[in-house]
Amino acid sequence: MKLFDVYPLYDVEPVKAYDSTVVDKNGIEYLDLYGGHAVISIGHSHPHYVKKLKEQVEKIGFYSNAVQNSLQSELAQKLGKLSGYDTYQLFLCNSGAEANENALKLASFHTGKSRVVAFHNAFHGRTSAAVAATDNAKINSPLNTQQSVTFLPLNQIELVKTQLEKGDVCAVIIEPIQGVGGLDEGTTDFFQELERICKQNDVVLILDEIQSGYGRSGKFFAHQYHHITPDIISIAKGMGNGFPVGGIMIAPHIKPSYGMLGTTFGGNHLACAAALAVLEVIEAENLIDNARLTGAYFLSQVRGLSGVQKIKGKGLMLGLEFDFEVGELRKKLIYDQHIFTGGAMNKKLLRILPPLTVGKKEIDQFIKALQNVLIGEKV
Ligand SMILES: Cc1ncc(COP(=O)(O)O)c(C=O)c1O
Numbered sequence: 001m002k003l004f005d006v007y008p009l010y011d012v013e014p015v016k017a018y019d020s021t022v023v024d025k026n027g028i029e030y031l032d033l034y035g036g037h038a039v040i041s042i043g044h045s046h047p048h049y050v051k052k053l054k055e056q057v058e059k060i061g062f063y064s065n066a067v068q069n070s071l072q073s074e075l076a077q078k079l080g081k082l083s084g085y086d087t088y089q090l091f092l093c094n095s096g097a098e099a100n101e102n103a104l105k106l107a108s109f110h111t112g113k114s115r116v117v118a119f120h121n122a123f124h125g126r127t128s129a130a131v132a133a134t135d136n137a138k139i140n141s142p143l144n145t146q147q148s149v150t151f152l153p154l155n156q157i158e159l160v161k162t163q164l165e166k167g168d169v170c171a172v173i174i175e176p177i178q179g180v181g182g183l184d185e186g187t188t189d190f191f192q193e194l195e196r197i198c199k200q201n202d203v204v205l206i207l208d209e210i211q212s213g214y215g216r217s218g219k220f221f222a223h224q225y226h227h228i229t230p231d232i233i234s235i236a237k238g239m240g241n242g243f244p245v246g247g248i249m250i251a252p253h254i255k256p257s258y259g260m261l262g263t264t265f266g267g268n269h270l271a272c273a274a275a276l277a278v279l280e281v282i283e284a285e286n287l288i289d290n291a292r293l294t295g296a297y298f299l300s301q302v303r304g305l306s307g308v309q310k311i312k313g314k315g316l317m318l319g320l321e322f323d324f325e326v327g328e329l330r331k332k333l334i335y336d337q338h339i340f341t342g343g344a345m346n347k348k349l350l351r352i353l354p355p356l357t358v359g360k361k362e363i364d365q366f367i368k369a370l371q372n373v374l375i376g377e378k379v
């Protein structure tokens with residue numbers, strides 16, 4: 001059997017990785033400023049993470065959600081404490097799309113309504129309702145487009161109000177900082193007004209923190225810059241540092257019932273061990289402060305670089321918008337300078353999503369490499 005060919009691949013095969021370094025099968029070392037789509041939060045193969053996963057799999061790796069698993073409550077408690085949401089409830093699943101799928105489904109159960117409001121350039125995943133709320137016609141099949149979703153521009157609160165007042169919207173779903181779309185964000189006024197009109201119209205406000213959460217923005221959650229409290233927060237990516245785990249954090253006024261949501265693998269012992277180890281390292285190594293400080297250093301160093309039109313993002317969720325498409329630049333960074341970076345739907349945007357452990361040394365290495373490529377030749 002051959003593979004179903006859906007991914008255009010770079011010609012690099014990583015076989016080993018540590019902290020922010022990835023080593024390919026020829027022994028070449030790369031600086032990882034992309035973390036495999038913003039997944040690596042505490043650094044590749046962090047010793048504490050490796051130890052905790054090994055210890056857990058030697059005891060028990062998996063059992064279903066039909067029996068007690070106190071690791072889930074331990075995780076919920078630790079996550080509640082570190083994120084400031086200790087009164088919320090945690091439902092565990094396996095990926096970002098699945099987290100949003102459950103968030104939207106729960107919003108619909110809770111309100112008895114079914115239309116969703118999402119935003120231009122949003123990305124929420126590739127499953128049924130999550131992909132329908134993703135602003136990309138190319139990845140929506142006819143099956144997905146049966147869902148009722150209205151897309152609106154960011155920062156135009158009156159347009160949102162008009163939709164919510166129609167009375168049939170169950171959820172507004174929004175990324176605090178857009179990831180795949182290209183790092184655009186709503187203003188604090190917009191988010192605060194959004195929270196108010198959702199409450200007023202019995203609409204569930206879902207903050208998709210799958211990419212921006214877990215300290216990446218320089219706060220535990222990026223929406224905390226706006227002092228809002230969403231009804232549901234979806235999480236994944238950095239949560240497991242590569243182990244597939246996701247979840248939704250649910251406000252206390254949304255009540256559960258048996259069978260309402262469910263999954264075979266979600267919240268298994270290994271996933272909980274990985275997620276707990278991540279939180280322990282984030283806390284012990286002050287990685288959220290590091291994300292904020294290193295992000296600020298990055299911003300101070302990239303100002304004035306040739307060809308850079310705009311600098312976007314917060315903490316270590318960063319984007320550089322050039323006056324040309326960055327496809328070739330990314331290739332040169334990877335093959336000539338041995339640095340992984342990311343692209344976006346906005347073809348002129350270079351995304352920087354490193355492990356939250358990086359410091360000045362890695363940023364300096366990147367700036368030098370970028371200058372080499374930019375000066376070397378016109379890309
Ligand atoms: C903001 C956001 N939501 C949801 C997803 C989907 O996550 P997954 O690929 O784990 O399904 C992504 C993935 O890039 C994302 O960036």
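1 is the number of the first residue of the sequence shown in the numbering used here; add one for each residue after it.
No residue lacks a Cβ here, since even glycine has one placed at the ideal position from N, Cα and C.
Does residue i come out as helix, strand or coil in the three-state DSSP assignment?
| i | result |
| --- | --- |
| G80 | helix |
| F190 | helix |
| S250 | According to the sequence displayed, residue 250 carries Ile and not Ser. The answer is strand: DSSP assigns I250 an E or B state. |
| E185 | strand |
| L387 | Residue 387 is absent from the model: the chain starts at 1 and stops at 379. |
| H44 | strand |
From what residue to what residue does the beta strand (DSSP E) around residue i run?
| i | result |
| --- | --- |
| K310 | V308 to K314 |
| Y30 | E29 to D32 |
| T21 | T21 to D24 |
| E321 | M317 to F322 |
What do you reckon, is the C-beta of residue i under 8 angstroms from a heavy atom of ligand 1?
| i | result |
| --- | --- |
| H124 | yes |
| K237 | yes |
| D380 | Since the first and last residues shown for the chain are 1 and 379, residue 380 lies out of range. |
| H37 | yes |
| G84 | no |
| I210 | yes |
| G179 | yes |
| A99 | yes |
| E74 | no |
| E55 | no |
| A130 | yes |
| S306 | no |
| G96 | yes |
| E175 | yes |
| S217 | no |
| G246 | yes |
| S234 | yes |
Residue i lies in the alpha helix (DSSP H); which residues open and close that run?
| i | result |
| --- | --- |
| V131 | S128 to A132 |
| V278 | H269 to A284 |
| Y297 | L287 to V302 |
| L333 | G327 to Y335 |
| L370 | K360 to G376 |
| A38 | G35 to A38 |
message: Restricting to runs no shorter than 4 residues, where is the alpha helix (DSSP H) found entirely within the stretch 46 to 97?
response: Counting whole runs of 4 or more residues, the stretch 46 to 97 contains the alpha helix (DSSP H) stretches 47 to 59 and 70 to 83.
message: Does the stretch 311 to 329 come into contact with the stretch 273 to 280, if we say contact requires no fewer than three beta-carbon pairs (one atom in each stretch) closer than 8 angstroms?
response: Result no; under three Cβ-Cβ pairs closer than 8 angstroms.
message: Contact between the stretch 333 to 344 and the stretch 226 to 236 is defined here as three or more beta-carbon pairs at a separation below 8 angstroms; is this criterion met?
response: Under the three-pair Cβ rule at 8 angstroms, the stretch 333 to 344 does not count as touching the stretch 226 to 236.
message: So, does the stretch 355 to 362 touch the stretch 323 to 332, judging by three or more C-beta pairs under 8 angstroms?
response: The stretch 355 to 362, when compared against the stretch 323 to 332, does not touch it at the 8 angstroms Cβ threshold.
- prompt: Can you give, in chain order, each stretch of the alpha helix (DSSP H) that sits fully within the stretch 115 to 181 and has at least 4 residues?
  reply: Counting only runs of 4 or more, we get 128 to 132 and 157 to 164.
message: For the pair the stretch 37 to 47 and the stretch 237 to 244, tell me if three or more CB-CB distances fall below 8 angstroms.
response: Between the stretch 37 to 47 and the stretch 237 to 244 there are three or more C-beta pairs closer than 8 angstroms, enough to call the two in contact.
task: Indicate whether the contact test is met: 3 or more Cβ pairs, each with one atom in the stretch 140 to 160 and one in the stretch 91 to 100, closer than 8 angstroms.
output: Result no; under three Cβ-Cβ pairs closer than 8 angstroms.
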